[in-house]
Amino acid sequence: MHKELVDRIHKEKAKNDSNSRDLASTLNVLSKTVFGEVNRFIFELLQNADDSSSDENPISVEFQLLENYLVFSHDGKHFTKEDVMGISSIGSRISDKDKNIEKTGYKGIGFKSVFGTSDYAHIV
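Here the sequence shown is numbered in the numbering used here, starting from 13 and rising by one per residue.
The following block contains the structure:
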């Protein structure tokens, strides 16, 4: 559904120009200072699942270890266009999380903590 958006974001972010390298370095420094502990990404994934609730029903989450992969899943709402854009940027305020006191995340950097312990993330 959001393939064209993801392709456009990827093309824009993968230019590898000096600005992209500077931003990558900045994110690396941020991830080491903001996410000091290596397992912080677990809390961030749980927070994203919690923020994906659409009503009063509790969210179910599941962690699976498959060879060298960690698979995390939950039964919250699907990503919107704004969610895709928000998770692809830093502090953009595209998401409505900062306007909703029921939501935990809003800074736009939490999910990036997964890259402190992994080289690849796949979102379905």
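All C-beta atoms in this analysis are idealised placements derived from N, C-alpha and C, irrespective of residue type, glycine included. Please read all numbers here as calculations on a predicted model, not as lab measurements.
Cβ-Cβ distance between residue i and residue j below 8 Å
i: Ser125; j: Phe75; result: no
i: Phe123; j: Glu16; result: no
i: Lys23; j: Ser32; result: no
i: His14; j: Val73; result: no
Reference residue i, options the options, closest by Cα
i: Val136; options: Ser30, Ser130, Phe127 and Gly88; result: Gly88
i: Leu82; options: Asn51, Lys25 and Val18; result: Asn51
Cα-Cα separation, residue i to residue j
i: Ser85; j: Ile71; result: 10 Å
i: Asn80; j: Asp131; result: 11 Å
i: Asp29; j: Gln59; result: 33 Å
i: Ser21; j: His90; result: It is worth fixing the name first, because residue 21 is Ile in this sequence and not Ser. When rounded, the distance between both Cα atoms is 19 Å.
i: Ser101; j: Val18; result: 12 Å
i: Leu77; j: Glu68; result: 29 Å
i: Phe127; j: Ile99; result: 13 Å
i: Val41; j: Thr129; result: 14 Å
i: Glu94; j: His134; result: 18 Å
i: Lys27; j: Thr92; result: 25 Å
_the stretch 61-69 in contact with the stretch 28-39 per 3-pair CB rule at 8 Å_ = no
*Let me know the beta strand (DSSP E) ranges lying completely inside the stretch 15-86, each 3 residues or longer, listed in chain order.*
73-78 and 81-86
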